[in-house]
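Residue 186 in my numbering is what sits at position 164 of the sequence shown, and the numbering runs on without skipping anything. Yeah, the Cβ is synthetic: ideal placement off N, Cα and C, and Gly gets one too. Here is the structure we will look at.
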Amino acid sequence: MMRWRILSLLFVVQLSRATVLPCNVTQDAEGTHYRVPEFSDAHCDVQWLNATEHVVANLGSHGAEQVAWPQVARAGNRTLDTYKCSPLMYYSRTCPSGAKQQATCTFNCSKNLPAPEEGVLLAATCPLAGVLVLVLVLVLVLVCYKRRASLNRKRRDSGSTQTESSVSLQQQEA
């Protein structure tokens, strides 16, 4: 009889313990995707929590979804898709059978950001555009300098011609 009680107590303790699940995190142009393995238990309550343990998404046993974080794109019983990367997410699943499963999803967000096509194009064209603008400014300054020098030369030439003609006029009058 005592043995039966010990076995049943161990069974209850085992049921109340949470099974630790692996979590797979990927990132692409659409966002960050958190995934836990398939499970066979039906009508489980699922919660996704962020690093500060605030509920991000809550899925009831009848599929009622409550999203409490604006960065969530989609939430499911075993998936969470977010627009913004979070380095730490917690997953908790409690089923009517008493099974409790949890996962801790960790990810290095800064290391794995995808490079968008526009960003690559912008990074390649920015230095080229800067050099092009610099060359255009230098050409404009050079053209202005030459034009000013040309105008000054014309003024000097016309000024010396006037001086020579006024000297010759004065000599003729005298």
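Sub-8 Å separation of residue i and residue j beta-carbons
{"i": "Q93", "j": "Y112", "result": "no"}
{"i": "T126", "j": "Y56", "result": "no"}
{"i": "A95", "j": "A79", "result": "no"}
{"i": "Q124", "j": "V47", "result": "no"}
Sequence-distant residues of its chain with Cβ nearer than 7 Å to residue i (five each side left out)
{"i": "V77", "result": "Q69, L71 and A90"}
{"i": "C107", "result": "Q49, T54, F129 and C131"}
{"i": "A40", "result": "K122, Q123 and Q124"}
{"i": "L143", "result": "Confidence at L143 is low in this model, with a pLDDT of 45, below 50, so the placement of that residue is unreliable and no value is reported for it."}
Paired residues, beta bridge with residue i - DSSP
{"i": "D103", "result": "H55 and R96"}
{"i": "T74", "result": "BP columns for T74 are empty, so no partner."}
{"i": "A40", "result": "K122"}
{"i": "D67", "result": "T116"}
{"i": "E87", "result": "L81"}
{"i": "L173", "result": "The partner list for L173 (beta bridge, DSSP) is empty, contrary to what the question assumes."}
{"i": "C127", "result": "M111"}
{"i": "D50", "result": "G53"}
Residue from the options whose Cα sits closest to the Cα of residue i
{"i": "D63", "options": "P118, A73, Q88 and V161", "result": "P118"}
{"i": "P109", "options": "V165, K122 and C45", "result": "C45"}
{"i": "R115", "options": "V159, P59 and T74", "result": "P59"}
{"i": "G120", "options": "S180, R170, H65 and E52", "result": "H65"}
{"i": "E52", "options": "N99, D103, V163 and C166", "result": "D103"}
{"i": "D67", "options": "G82, V159 and Q88", "result": "G82"}
Close Cβ partners of residue i (< 6 Å) along its chain, the five nearest in sequence each way excluded
{"i": "K176", "result": "none"}
{"i": "Q88", "result": "N80"}
{"i": "A146", "result": "Low confidence applies here, because A146 scores a pLDDT of 47, under 50, leaving its location unreliable; read the following figure in that light. The answer is none, since no qualifying residue turns up."}
{"i": "G141", "result": "Low local confidence applies: a pLDDT of 48 at G141 is under 50, so the model's placement there is unreliable, and no value is given."}
Same chain, Cβ closer than 8 Å to residue i, neighbours up to 5 away in sequence not counted
{"i": "E75", "result": "Y112"}
{"i": "E139", "result": "A caution first: E139 carries a pLDDT of 47, below 50, which makes its placement in the model too unreliable to give a value."}
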